[in-house]
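These notes concern the structure reproduced below.
Number of protein chains: 2
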Amino acid sequence: MPRAATSDSRMVSRKLEMILRHSAHVFAEKGYEGASIRDISRASGVSLSGLYYYVESKQKLLYLIQIHTFRTILSRLQHDLRSISDPAARLRILVHNHLEYFLRHPMEMKVLAREDDVLAGGYRKEVAEIKRRYYGTALEIFEHLRRSGQTRRLNPRIAVLSLFGMMNWIHTWHRPWVDPQAEVLSDVMSQMFLHGVMNGHQAESQKPSRAARGALKVAARAVG
Amino acid sequence: MPRAATSDSRMVSRKLEMILRHSAHVFAEKGYEGASIRDISRASGVSLSGLYYYVESKQKLLYLIQIHTFRTILSRLQHDLRSISDPAARLRILVHNHLEYFLRHPMEMKVLAREDDVLAGGYRKEVAEIKRRYYGTALEIFEHLRRSGQTRRLNPRIAVLSLFGMMNWIHTWHRPWVDPQAEVLSDVMSQMFLHGVMNGHQAESQKPSRAARGALKVAARAVG
DNA sequence: TTGTGATTCGAACGAACGTTCGACTCAGGA
DNA sequence: TCCTGAGTCGAACGTTCGTTCGAATCACAA
Numbered sequence: 027m028p029r030a031a032t033s034d035s036r037m038v039s040r041k042l043e044m045i046l047r048h049s050a051h052v053f054a055e056k057g058y059e060g061a062s063i064r065d066i067s068r069a070s071g072v073s074l075s076g077l078y079y080y081v082e083s084k085q086k087l088l089y090l091i092q093i094h095t096f097r098t099i100l101s102r103l104q105h106d107l108r109s110i111s112d113p114a115a116r117l118r119i120l121v122h123n124h125l126e127y128f129l130r131h132p133m134e135m136k137v138l139a140r141e142d143d144v145l146a147g148g149y150r151k152e153v154a155e156i157k158r159r160y161y162g163t164a165l166e167i168f169e170h171l172r173r174s175g176q177t178r179r180l181n182p183r184i185a186v187l188s189l190f191g192m193m194n195w196i197h198t199w200h201r202p203w204v205d206p207q208a209e210v211l212s213d214v215m216s217q218m219f220l221h222g223v224m225n226g227h228q229a230e231s232q233k234p235s236r237a238a239r240g241a242l243k244v245a246a247r248a249v250g
Numbered sequence: 027m028p029r030a031a032t033s034d035s036r037m038v039s040r041k042l043e044m045i046l047r048h049s050a051h052v053f054a055e056k057g058y059e060g061a062s063i064r065d066i067s068r069a070s071g072v073s074l075s076g077l078y079y080y081v082e083s084k085q086k087l088l089y090l091i092q093i094h095t096f097r098t099i100l101s102r103l104q105h106d107l108r109s110i111s112d113p114a115a116r117l118r119i120l121v122h123n124h125l126e127y128f129l130r131h132p133m134e135m136k137v138l139a140r141e142d143d144v145l146a147g148g149y150r151k152e153v154a155e156i157k158r159r160y161y162g163t164a165l166e167i168f169e170h171l172r173r174s175g176q177t178r179r180l181n182p183r184i185a186v187l188s189l190f191g192m193m194n195w196i197h198t199w200h201r202p203w204v205d206p207q208a209e210v211l212s213d214v215m216s217q218m219f220l221h222g223v224m225n226g227h228q229a230e231s232q233k234p235s236r237a238a239r240g241a242l243k244v245a246a247r248a249v250g
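Okay, here's the thing in structure tokens:
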């Protein structure tokens with residue numbers, strides 16, 4: 027029973043993950059309101075009523091997708107930031123982490139970006155809270171950049187939200203087979219943002235990330 | 027009859043405009059799929075069936091909002107660009123025009139930004155076409171900037187779409203009573219983009235727009 | 001073999017959806 | 001005065017929605 031229970035609960039959570047994956051795809055394609063539970067049933071191969079054994083409502087489905095995505099991306103960011111102290115480098119890590127996850131999980135991120143004000147009540151508050159923490163991390167990084175005297179006078183809120191705008195808008199236009207991948211894209215956007223925000227002296231000192239160096243010929247080709 | 031006809035048709039188009047205005051508000055608040063014709067009926071004060079005297083379907087409602095918004099913003103841009111030839115100045119005009127219209131018609135712009143892939147068939151094609159022309163104008167401006175040798179090596183598609191990302195993301199965070207208005211906002215974003223994209227020498231030569239100069243104290247306060 | 005709890009699903013619920021229809025009002029021309 | 005057509009709407013259409021329920025199936029301990 028104990029052994030069976032763990033294997034069972036592992037099975038259950040595996041199946042739940044699979045349902046969430048298909049749900050994210052359906053939500054991304056049709057939007058939360060435009061997607062029906064029947065669409066999700068069809069996509070996941072689980073019967074209509076069978077879905078309710080794993081998730082108690084359509085809202086909870088969206089909540090689980092959003093909270094899981096946010097938690098993952100935030101914890102990865104905190105991990106990657108652990109060993110870095112230079113503000114500009116930290117900023118580049120934030121952008122790279124965001125875009126890397128974005129392009130590896132485009133459906134989940136599209137759902138995150140689009141269905142911002144669908145949730146209600148406690149679900150809404152929980153997602154808003156973790157989103158606030160993610161935004162706060164970005165704001166902190168920018169403030170460090172500012173305090174180290176490297177930026178022009180700028181409203182930090184606007185600067186940071188503009189950066190998120192650049193990044194999140196990607197879900198409307200990025201096509202994996204014609205557009206650059208995360209490494210190049212995050213280098214380009216980091217540099218655009220840092221150049222755009224700095225006072226012009228340190229701007230030249232940045233170097234491409236280790237991972238991106240190999241992709242530079244691709245970038246050069248893309249530059250046309 | 028002819029006089030009466032014009033007065034009538036003026037009345038009709040006035041009422042249609044009023045319906046579209048309320049529809050945009052409802053779509054912005056609940057999303058296209060989440061909004062019902064009954065919501066629009068309630069908001070506009072026109073009976074459920076009465077709406078169908080003016081518009082033949084819910085899709086057409088969305089189409090009319092989107093096509094009208096795009097046409098207006100594009101024609102205003104072309105008008106404002108007419109007398110300007112300097113590429114950087116043209117870029118600033120594009121940003122100012124976009125944000126000015128954005129903040130003056132937030133509901134319509136939210137609908138434009140969010141409900142991108144809802145329309146089908148001919149409606150979809152028409153909206154896509156005018157959107158392509160708007161994007162093309164921005165791309166042209168950037169190419170001029172590039173050819174005048176002022177920008178770093180950059181994928182133009184990514185640069186321009188990042189700019190649109192910065193601008194369009196505003197609908198998720200801008201609060202009229204706490205955030206800067208269009209003049210300040212467009213100056214900030216223009217400068218961020220131009221600094222971010224230029225090779226660093228001409229970057230200092232830009233000046234705030236006439237309209238924004240008066241708002242600079244507000245900006246300075248906002249910079250905190 | 002029997003019993004039990006976890007898992008699955010067909011069928012149905014009431015509510016809400018977009019759209020249609022026929023009747024009504026009413027101002028203006030004949 | 002009667003007629004016409006634009007404008008308006010209550011009531012209903014058939015469909016789809018999210019969710020529920022009870023029965024069936026399954027693996028496995030007793």
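Chains as they are written, first to last, in my numbering: chain V, 27 to 250; chain X, 27 to 250.
Positions of the beta carbon are idealized from the N, C-alpha and C atoms, including for glycine.
The structure presented is a predicted model; accordingly, all values stated were derived computationally and were not measured.
Beta-carbon gap between residue i and residue j smaller than 9 Å
i	j	result
X/ASN194	X/ALA146	no
V/GLN176	V/ALA114	yes
V/ALA50	V/ILE91	yes
X/ILE119	X/LEU103	yes
V/MET44	X/MET192	no
V/TYR160	V/LEU100	yes
X/PHE53	X/VAL153	no
X/ILE110	V/LEU187	no
V/MET215	X/VAL223	no
V/GLU59	X/TYR58	yes
X/GLN85	X/VAL144	yes
X/ARG183	V/ASP205	yes
V/ASP106	V/HIS131	no
V/PHE128	V/ALA164	no
X/PHE96	X/ILE167	no
X/LEU42	X/ILE63	no
X/SER67	X/LEU74	yes
V/ALA208	V/LEU117	no
V/THR198	X/ASP142	yes
V/LEU88	V/TYR149	yes
V/ASN225	V/ARG158	no
V/ARG4	V/LEU180	What is shown of chain V runs 27 to 250, which leaves residue 4 of chain V out entirely.
Neighbouring residues, chain V, relative to residue i (Cβ below 7 Å)
i	result
X/PHE219	GLY222
X/THR198	ASP142
X/MET215	SER188
X/ILE66	What X/ILE66 touches in chain V: nothing, since even the nearest Cβ is about 15 Å away.
X/MET268	Nothing about residue 268 of chain X can be read from this structure; chain X reaches only from 27 to 250.
N- and C-terminal bounds of the alpha helix (DSSP H) containing residue i
i	result
X/ALA185	182 to 194
X/VAL153	147 to 173
X/GLU126	113 to 130
Chain V contact residues for residue i, given Cβ-Cβ distances below 9 Å
i	result
X/PRO206	ASN181, ILE184
One or two residues paired with residue i in a DSSP bridge
i	result
V/THR177	V/MET224
Under 9 Å by beta carbon: chain X residues contacting residue i
i	result
V/LEU59	Residue identity check: residue 59 of chain V is Glu in the sequence provided, not Leu. Residues of chain X passing the Cβ test: LYS56, GLY57, TYR58, GLU59, GLY60, ALA61.
Neighbour list for residue i in chain X, Cβ cutoff strictly below 7 Å
i	result
V/LEU203	First, the amino acid is wrong: residue 203 of chain V is Trp here, not Leu. Residues of chain X passing the Cβ test: none, with the nearest at roughly 14 Å.
Any non-hydrogen atom of the ligand SAM within 8 Å of residue i CB
i	result
X/ARG201	No copy of the ligand SAM occurs in the structure displayed, which carries no ligand at all.
At which residue ranges does the stretch 192 to 227 of chain X contain complete alpha helix (DSSP H) runs of 4 or more residues, listed in the order of the chain?
208 to 223
What ranges does the alpha helix (DSSP H) occupy inside the stretch 38 to 94 of chain V, keeping only unbroken runs of at least 4 residues that lie completely in it?
63 to 70, 74 to 80, all fully within the stretch 38 to 94 of chain V.
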